[in-house]
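Residues in the sequence shown are numbered consecutively from -2, following the numbering used here.
Some notes on the structure that comes next.
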Amino acid sequence: MSLIFWTQAFLIILFSLFAYLILKRRSYLFISGFATRPEEEQQQLIDNGYPQGVGRMFLMIAAGLLLLMPLGLTGFRYTFEVQMAFMMLVLFGGFIILSRREVPHKRKRALLTSVILTAVVIGGTSALLFTGARQPDVTFGESAMEISGMYGEKIRYRDIRSAELLDTMPTVRYKENGFGFADFSKGHFSVEGHGSSLLFVDSKQTPILLIETSGRPVFLTGSEPEETKSWHNRLQDKTN
């Protein structure tokens, strides 16, 4: 089983365990910062339903992650990304809502902190998605071609065994270490018939340039079919 599966299982078990300890065992000390508060504040939070709300939030996350797992069985390749988006949405949205149950003199600060943290995370995630969805820049030097950007790599011409254009992308089995969102795949993926491969692919684009190297296969698409074909022609000139 893949690392992603075990990560999913770990998160589900972890959030389920925290939810059980908080809701059933009333072990509120597992809530960050709760143990360091004065006893009076702790009791106020309990009376306001703050720790119970945190427990229900953790339970919701565990249930949501579990219910989303079967998406992977349908061939949908971005189940993990959807799960992480769901987890962040519930976590940050939940803490913003729960700030209303804080002790009165800390409510504004708790709300402000939650909003700022949410903005930073959403902004960072948006920047990551924007960077990951950008087409790679490919340059051809004297002795190697270079793919720049996220998961970029330099490929020496002498290490290239063949380069061909494919009409369709082989089935991507699972992600090993990479970025995948919507139609974009960048990084290391297991590809049917090719094993561990390096992808810089927009699945809406055809043809796909397959570069067989002494290390691992590389799949590549440009922003337009003509660009992908021009890369293939350049490689033919450099390697023949």
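Positions of the beta carbon are idealized from the N, C-alpha and C atoms, including for glycine.
Since the structure is predicted, the reported quantities are computational estimates derived from the model, not experimental observations.
Counting only the same chain and skipping the five closest in sequence on each side, list residues whose C-beta sits under 8 Å from that of residue i.
{"i": "Ser194", "result": "His185, Phe186, Ser187, Val188, Arg213, Pro214, Val215, Phe216"}
{"i": "Ile152", "result": "Ala141, Met142, Glu143, Ile144, Ile208, Thr210, Val215"}
{"i": "Ile19", "result": "Tyr25, Phe27, Ile28, Pro48, Gln49, Val51, Gly52, Phe55"}
{"i": "Thr136", "result": "Met142, Glu143, Ser145"}
Between the alpha carbons of residue i and residue j, how many angstroms are there, rounded?
{"i": "Arg106", "j": "Arg97", "result": "11 Å"}
{"i": "Glu161", "j": "Pro222", "result": "14 Å"}
{"i": "Ile58", "j": "Gln80", "result": "9 Å"}
{"i": "Leu163", "j": "Tyr25", "result": "57 Å"}
{"i": "Ala141", "j": "Phe197", "result": "17 Å"}
{"i": "Arg231", "j": "Phe73", "result": "34 Å"}
{"i": "Arg104", "j": "Leu88", "result": "17 Å"}
{"i": "Gly52", "j": "Ile113", "result": "23 Å"}
{"i": "Leu42", "j": "Phe31", "result": "9 Å"}
{"i": "Phe2", "j": "Leu63", "result": "11 Å"}
{"i": "Asn237", "j": "Ile119", "result": "47 Å"}
{"i": "Ala6", "j": "Met85", "result": "17 Å"}
{"i": "Thr128", "j": "Met147", "result": "7 Å"}
{"i": "Gly175", "j": "Asp234", "result": "30 Å"}
{"i": "Thr33", "j": "Gly121", "result": "30 Å"}
{"i": "Ser200", "j": "Gly177", "result": "11 Å"}
{"i": "Leu65", "j": "Thr76", "result": "7 Å"}
Does DSSP put residue i in a helix, a strand or coil?
{"i": "Ala160", "result": "strand"}
{"i": "Asp115", "result": "For the record, residue 115 in the displayed sequence is Thr; it is not Asp. Here Thr115 sits in helix by DSSP."}
{"i": "Phe73", "result": "coil"}
{"i": "Thr110", "result": "helix"}
{"i": "Gly192", "result": "strand"}
{"i": "Arg131", "result": "coil"}
{"i": "Ser96", "result": "helix"}
{"i": "Arg170", "result": "strand"}
{"i": "Asp234", "result": "helix"}
{"i": "Asp199", "result": "strand"}
{"i": "Gly120", "result": "helix"}
{"i": "Gly138", "result": "coil"}
{"i": "Phe91", "result": "As written in the sequence, residue 91 is Gly, which differs from the Phe given in the question. If DSSP states are grouped into helix, strand and coil, Gly91 belongs with the helices."}
{"i": "Phe181", "result": "strand"}
{"i": "Phe31", "result": "coil"}
{"i": "Ser227", "result": "helix"}
For residue i, count neighbouring Cβ atoms within 10 angstroms of its own Cβ and tell me buried if that reaches 16, exposed if not.
{"i": "Pro48", "result": "buried"}
{"i": "Lys21", "result": "exposed"}
{"i": "Ser111", "result": "buried"}
{"i": "Gln40", "result": "exposed"}
{"i": "Gly219", "result": "buried"}
{"i": "Leu95", "result": "buried"}
{"i": "Val117", "result": "exposed"}
{"i": "Lys183", "result": "buried"}
{"i": "Gly69", "result": "buried"}
Excluding sequence positions up to five away, which residues of its chain have a Cβ less than 7 Å from the Cβ of residue i?
{"i": "Ser211", "result": "Asp156, Arg158"}
{"i": "His229", "result": "Ala160, Leu162, Leu206"}
{"i": "Pro167", "result": "Val188, Glu189, Gly190, His191"}
{"i": "Ser13", "result": "Ala59"}
Within its chain, find whatever has a CB closer than 6 Å to the CB of residue i; leave out the 5 residues flanking it on each side and keep chain order.
{"i": "Glu99", "result": "Ala107"}
{"i": "Glu38", "result": "Val100"}
Tell me which residue opens and which closes the alpha helix (DSSP H) that residue i is part of.
{"i": "Arg53", "result": "47 to 65"}
Since residue i is in the beta strand (DSSP E), which residue starts that stretch and which ends it?
{"i": "Ser145", "result": "141 to 145"}
{"i": "Arg153", "result": "150 to 153"}
{"i": "Glu209", "result": "205 to 210"}
{"i": "Glu68", "result": "Note on residue identity: the sequence assigns Leu, not Glu, to residue 68. Counting along the chain, Leu68 falls outside any beta strand (DSSP E), and DSSP gives it neither H nor E."}
{"i": "Leu217", "result": "215 to 217"}
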